[in-house]
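Here this note's numbering is used: the first residue of the sequence shown is 650, the next is one more, and so on.
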Amino acid sequence: MPATFEPRTPDWKARCFASFEQQPICKTLGIELAAMEPGFCEMRLPFRADLTQQHGFFHAGMVSTLADNAGGYAALSLMPAGAEVLAVEFKINLMSPAKGDVMIARARVVKPGRTLVITQVEVSMLDGGVEKDCALMQQTTFCVMPK
Numbered sequence: 650m651p652a653t654f655e656p657r658t659p660d661w662k663a664r665c666f667a668s669f670e671q672q673p674i675c676k677t678l679g680i681e682l683a684a685m686e687p688g689f690c691e692m693r694l695p696f697r698a699d700l701t702q703q704h705g706f707f708h709a710g711m712v713s714t715l716a717d718n719a720g721g722y723a724a725l726s727l728m729p730a731g732a733e734v735l736a737v738e739f740k741i742n743l744m745s746p747a748k749g750d751v752m753i754a755r756a757r758v759v760k761p762g763r764t765l766v767i768t769q770v771e772v773s774m775l776d777g778g779v780e781k782d783c784a785l786m787q788q789t790t791f792c793v794m795p796k
């Protein structure tokens, strides 16, 4: 059963959505913020041929970018007011080609710390109404406080 977390601030969701709106890469790629809960984020990326590699699958860079963003926002949801989030490390396993209609990343916080937050991200492809796992990411994020 997934862990249940309490956000540190009552406006956590508004802060996450406001931060997402300032992400040029998400706008450029067409990433959608589909769901947010404390310690959880789901993002989606509809298929676009210009985001593929030579075999017509989503490029691994797109898989990593979607997973990294979802993990970052899951972490940010548990950070204090004024905090920003940065990834400091991640490991991704590409388990099958990212082929389908929509790529979905679901990120969950595993360990929320004061400075470092560990997330785990499952990436799947929705193809013809059926989801298939395509990647797993483990990520470490850093809580950046204003000076």
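C-beta atoms are modelled at their ideal positions from N, C-alpha and C, and glycine is treated no differently. Just so you know, these numbers come straight off a predicted model, no measurement behind them.
* Taking the CB atoms as reference points, tell me whether residue 758 and residue 766 lie closer together than 7 Å. => In the sequence shown, counting from the first residue as 1, residue 758 sits at position 109. In the sequence shown, counting from the first residue as 1, residue 766 sits at position 117. Result yes, Cβ atoms of residue 758 and residue 766 sit closer than 7 Å.
* Sufficient close CB pairs (3 or more, under 8 Å) joining the stretch 740-752 to the stretch 777-784 -> Taking 8 Å as the limit for Cβ pairs, the verdict is that the stretch 777-784 does touch the stretch 740-752.
* Just grab the DSSP bridge partners of residue 672 for me. => Residue numbering aside, residue 672 sits at position 23 when the sequence shown is read from its first letter. Partner(s): none; residue 672 has no beta bridge.
* **Inter-stretch contact at 8 Å, needing at least 3 Cβ pairs: the stretch 686-693 / the stretch 726-737** => Touching, per the Cβ criterion.
* Three-state secondary structure (DSSP) of residue 764 -> Numbered from 1 along the sequence shown, position 115 holds the residue referred to as residue 764. Three-state result, residue 764: coil.
* Out of 753, 700, 772 and 674, state which residue places its alpha-carbon closest to the alpha-carbon of residue 693. => Working through the sequence shown from its first residue, we reach residue 693 at position 44. For the residues 753, 700, 772 and 674, the minimum Cα distance to residue 693 belongs to 753.
* Taking buried to mean at least 16 other C-beta atoms within 10 Å of its own C-beta, is residue 697 buried or exposed? -> Position 48 of the sequence shown holds residue 697. Exposed, since its Cβ has fewer than 16 Cβ neighbours within 10 Å.
* In angstroms with no decimal places, state the Cα-to-Cα distance between residue 656 and residue 683. => In the sequence shown, the residue the question calls residue 656 occupies position 7. In the sequence shown, the residue the question calls residue 683 occupies position 34. CA-CA distance, residue 656 to residue 683, rounds to 19 Å.
* **Through-space distance from residue 666 to residue 730, alpha-carbon basis** => Position 81 of the sequence shown, counted from the first residue, corresponds to residue 730. Position 17 of the sequence shown, counted from the first residue, corresponds to residue 666. Between the alpha carbons of residue 730 and residue 666 lies a gap of roughly 14 Å.
* Asked: Alpha carbon to alpha carbon, what distance is there between residue 775 and residue 681?
  -> Looking up residue 681 in the sequence shown gives position 32. Looking up residue 775 in the sequence shown gives position 126. Rounded to whole angstroms, the separation of the alpha carbons of residue 775 and residue 681 is 14 Å.
* To do: Jot down the residue ranges of each uninterrupted beta strand (DSSP E) in the stretch 660-719, minimum 3 residues, whole runs only, in chain order.
  => Considered as a whole, the stretch 660-719 harbours 681-686 and 689-695 as its complete beta strand (DSSP E) runs of no fewer than 3 residues, in chain order.
* Could you tell me the distance, in whole angstroms, from the CA atom of residue 721 to the CA atom of residue 714? => One-based indexing of the sequence shown puts residue 721 at position 72. One-based indexing of the sequence shown puts residue 714 at position 65. Distance between the alpha carbons of residue 721 and residue 714 is about 11 Å.
* Among 790, 679, 764 and 704, nearest to residue 756 - alpha-carbon criterion -> Here residue 756 is taken as the residue at index 107 of the sequence shown, counted from 1. Closest option to residue 756, Cα to Cα, is 790.
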